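J.: The sequence shown begins at 2 in the numbering used here and counts up by one. For every residue, glycine included, the Cβ atom is placed at its ideal position computed from N, Cα and C. Keep in mind that this is a model prediction, so the values were computed, not measured.
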Amino acid sequence: MSSVFTEFDLMAELHQPGDKIVLLVMDGLGGLPMQAGGLTELETAVTPHLDRLAAEGMTGLSVPIRPGIEPGSGPAHLSLFSYDPVRYEIGRGVLEGLGIGFTLTANDIAARGNFATADADGFITDRRAGRISSEECVRLCAKLQAATGDLLADEGVQIFVEPVEQHRFVLVLRGEGLGGALTETDPLATGKRPLPVTDSSNSAEGERSAWLINRWVEAARQTIADEAKANSLNLRGLAKKPDLPHFPHIYGMRAAAIAVYPMYKGVASLVGMEIVDFAGDRPSHEIDALEKVWNDFDFFFIHVKKTDSYGEDGNFAAKVHEIEEVDAIIPRIVALQPGALIVTGDHSTPAVLRSHSFHPVPTLLWSPRVRPDTTTSFGERSCAAGGMGIFHATTMIPQAMGHAGRLKRIGA
2 MSSVFTEFDL MAELHQPGDK IVLLVMDGLG GLPMQAGGLT ELETAVTPHL DRLAAEGMTG
62 LSVPIRPGIE PGSGPAHLSL FSYDPVRYEI GRGVLEGLGI GFTLTANDIA ARGNFATADA
122 DGFITDRRAG RISSEECVRL CAKLQAATGD LLADEGVQIF VEPVEQHRFV LVLRGEGLGG
182 ALTETDPLAT GKRPLPVTDS SNSAEGERSA WLINRWVEAA RQTIADEAKA NSLNLRGLAK
242 KPDLPHFPHI YGMRAAAIAV YPMYKGVASL VGMEIVDFAG DRPSHEIDAL EKVWNDFDFF
302 FIHVKKTDSY GEDGNFAAKV HEIEEVDAII PRIVALQPGA LIVTGDHSTP AVLRSHSFHP
362 VPTLLWSPRV RPDTTTSFGE RSCAAGGMGI FHATTMIPQA MGHAGRLKRI GA
């Protein structure tokens with residue numbers, strides 16, 4: 002039996018009823034100064050409530066994958082939920098598909114699609130097509146579905162093109178004999194041409210799947226070539242749906258996910274959390290939802306996306322403002338009297354880099370049972386001196402459970 006399963010078995014054996022736990026994730030929270038000697042986004046933000054929790058609780062820096070490795074959003078969230086992302090690989094397409102409520106079968110390959118802008122020579126000039134409106138995304142997906150839906154029928158493969166929001170969509174290929182280890186088309190930078198899909202598994206099904214997807218991509222790009230902004234596209238996270246041990250079984254907690262963006266609903270759904278529907282897209286709306294379902298669940302995952310979006314846009318000031326917006330709702334969470342409250346990010350997205358980075362993520366744990374450290378504020382440098390130290394993100398849930406009185410003693 003592997004160490005991962007041993008740890009899950011241990012948690013399943015030790016869990017017991019206890020107090021409620023809140024995991025508040027500001028996506029891409031970690032940052033860097035814009036100039037040498039400056040402050041990060043979190044250090045710049047005025048956060049009296051988070052600073053108070055840091056002073057009353059303990060802090061540290063979490064490592065999502067392994068030291069020095071830049072994490073994607075899916076693996077980083079799996080790590081927060083205590084699943085080692087090196088062992089459990091999940092394609093972003095699967096997460097996006099589940100997040101919009103698309104039912105994936107064992108015969109499906111799902112991909113996360115991004116509409117993009119390309120110049121006359123095919124070089125990508127905007128990887129997100131100017132973040133087109135969600136209404137425009139719906140129109141473009143309908144256009145692609147109509148033009149390419151039957152493209153691979155001669156191969157016994159169905160095609161589904163489903164809108165997500167803004168520039169994001171989901172592509173699903175359904176048919177027998179699909180699989181492999183498929184690469185992405187996104188070059189992850191402007192000024193480059195999209196890449197072809199290839200298979201690294203050296204399998205017949207992988208080679209065939211790559212050929213089918215490239216055939217669709219070519220037809221799809223031709224279909225939208227006349228569009229003003231979204232005249233190209235890229236695919237990321239091509240994969241099949243895996244089977245994972247379920248979070249409620251491992252930890253004995255009925256878990257709720259409160260998130261705006263579909264991908265994060267998808268990863269929560271995949272591990273067995275229940276998705277809470279609510280109106281609005283601001284942190285305050287998410288806390289409205291939390292208050293309404295507080296009596297129905299034991300564990301609450303709350304996800305705030307725009308900290309990451311502003312980091313990727315290089316908008317330092319907007320990321321600071323979003324952190325301050327989250328700080329404003331902290332008293333409402335504390336008023337519910339959780340047994341443990343964790344505030345963290347899934348990874349770092351420094352505005353100065355305009356991308357995810359490998360840097361450890363500032364984290365605080367507040368609880369009536371906590372042993373306070375000497376930290377007096379919530380920021381990267383203060384967390385580096387916190388009592389939690391530098392730790393792997395997969396240990397976060399067990400730490401919270403201990404503070405919430407949800408783990409039995411081992412031995413006499």
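Tell me which same chain residues have a C-beta within less than 7 Å of the C-beta of Thr71, skipping the five on either side of it?
T.: As written in the sequence, residue 71 is Glu, which differs from the Thr given in the question. If we look at Glu71 and ignore the five residues flanking it on each side, its Cβ neighbours are His357, Ser358, Phe359.
J.: Do you know offhand how far Arg355's Cα is from Arg129's?
T.: Going from the Cα of Arg355 to the Cα of Arg129 covers about 13 Å.
J.: Between the alpha carbons of Glu325 and Ala147, how many angstroms are there, rounded?
T.: Using only the alpha carbons, I get a separation of about 44 Å.
J.: Are Cys142 and Val162 close, meaning C-beta to C-beta below 7 Å?
T.: In this structure, Val162 lies closer than 7 Å to Cys142 by Cβ.
J.: Could I get the ranges of all uninterrupted beta strand (DSSP E) runs contained in the stretch 23-79, with 3 residues as the minimum, in chain order?
T.: If we require 3 residues or more, the beta strand (DSSP E) runs fully inside the stretch 23-79 come out as 59-64.
J.: Taking Cβ positions only, does His247 come closer than 7 Å to chain D?
T.: Judged by its chain identifiers, the structure shown contains no chain D, having just a single protein chain.
J.: Count the CB pairs spanning the stretch 81-94 and the stretch 58-73 that are closer than 8 Å, and state whether there are at least three.
T.: With the cut-off at 8 Å, the stretch 81-94 and the stretch 58-73 touch.
J.: Closer than 7 Å by C-beta to Gly380: which residues in its own chain qualify, once you throw out the five before and the five after it? Chain order, please.
T.: Answer for Gly380: Thr41, Leu43, Glu44, Pro363, listed in chain order.
J.: Tell me the rounded alpha-carbon separation between Pro373 and Met389.
T.: Rounded to whole angstroms, Pro373 to Met389 spans 10 Å at the Cα level.
J.: Give the single residue among Thr184, Ala182, Asn316, Asn232 whose Cα lies nearest to the Cα of Ala121.
T.: Closest option to Ala121, Cα to Cα, is Asn232.
J.: Starting from Pro332 and walking both ways along the alpha helix (DSSP H), at which residues does that stretch end?
T.: Start and end: 317-336.
J.: Tell me whether Arg382 is buried or exposed, calling it buried when 16 or more other Cβ atoms sit within 10 Å of its Cβ.
T.: Classification of Arg382: exposed, given that the 10 Å Cβ count is below 16.
J.: Any idea what DSSP makes of Gln159, helix, strand or coil?
T.: Gln159 falls in the strand class under three-state DSSP.
J.: To the nearest angstrom, how far is it from the Cα of Phe116 to the Cα of Gly176?
T.: Cα to Cα, the separation comes out at about 25 Å.
J.: Whole angstroms is fine: what's the gap from Lys320's alpha carbon to Asp309's?
T.: Distance between the alpha carbons of Lys320 and Asp309: 8 Å.
J.: I want to know whether the stretch 246-256 touches the stretch 96-113 - three or more CB-CB distances under 8 Å.
T.: Touching, no.
J.: Suppose contacts are defined by Cβ-Cβ distances below 7 Å. Is Glu97 in contact with Pro263 by that definition?
T.: Against a cut-off of 7 Å, the Cβ pair of Pro263 and Glu97 comes out as a contact.
J.: Under the rule that 16 or more other beta-carbon atoms within 10 Å means buried, what is Asp299, buried or exposed?
T.: With 16 or more other Cβ atoms within 10 Å, it is buried.
J.: Out of Gly180, Ala221, Glu57, Met254, which one is the CA nearest neighbour of His16?
T.: Measuring from the Cα of His16, the nearest candidate turns out to be Met254.
J.: Looking at the secondary structure, which residues open and close the beta strand (DSSP E) in which Ile303 lies?
T.: Note, Ile303: beta strand (DSSP E), 300-305.
J.: Tell me the rounded alpha-carbon separation between Gly19 and Lys409.
T.: So the two alpha carbons sit approximately 10 Å from each other.
J.: Taking Trp217 as part of the beta strand (DSSP E), name the residues at either end of that continuous run.
T.: Per DSSP, Trp217 belongs to no beta strand (DSSP E); it is in the alpha helix (DSSP H), 205-224.
J.: Would you mind stating whether Ala341 and Ala401 have Cβ atoms separated by less than 7 Å?
T.: Yes.
J.: Starting from Asp289 and walking both ways along the alpha helix (DSSP H), at which residues does that stretch end?
T.: From DSSP, the alpha helix (DSSP H) with Asp289 extends over 284-294.
J.: What residue from Met35, Gly412, Ala55, Ala37 has the CA that sits closest to Thr375's CA?
T.: If we check each option's Cα against that of Thr375, Ala55 comes out closest.
J.: When we look at the beta-carbon of Thr48 and count the other beta-carbons within 10 Å, is it buried (16 or more) or exposed?
T.: Buried: at least 16 other Cβ atoms inside 10 Å.
J.: Does the Cβ-Cβ distance between Pro399 and Gly32 come in under 7 Å?
T.: Contact flag unset, no.
J.: Could you pull out every residue in the same chain whose Cβ sits closer than 7 Å to the Cβ of Glu8, ignoring the five residues on either side in sequence?
T.: There are no such residues.
J.: State buried or exposed for Pro164, treating a residue as buried only when at least 16 other CB atoms are found within 10 Å of its CB.
T.: It is buried - the Cβ of Pro164 has at least 16 other Cβ atoms within 10 Å.
J.: If contacts are defined as beta-carbon pairs under 8 Å, then Leu189 and Glu206 qualify, I think. What distance do you get, rounded to the angstrom?
T.: About 26 Å; that fails the 8 Å criterion.
J.: Going straight from the alpha carbon of Ile225 to that of Arg169, what length do you get?
T.: Taking the straight line from one Cα to the other gives about 15 Å.
J.: Is Phe392 helix, strand or coil by DSSP?
T.: Three-state DSSP puts Phe392 in a strand.
J.: Taking the straight line between their C-alpha atoms, what separation do you get for Ala111 and Ser210?
T.: Approximately 11 Å, taken between the alpha carbons.
J.: Hey, Met59 and Val371: beta-carbon distance below 7 Å or not?
T.: Yes, these two residues count as a Cβ contact at 7 Å.
J.: Could you check what DSSP says for His404 in three-state terms: helix, strand or coil?
T.: His404 falls in the helix class under three-state DSSP.
J.: What distance in whole Å lies between the Cβ atoms of Gly75 and Val268, which are believed to be in contact at a cut-off of 8 Å?
T.: Confirmed, about 6 Å.
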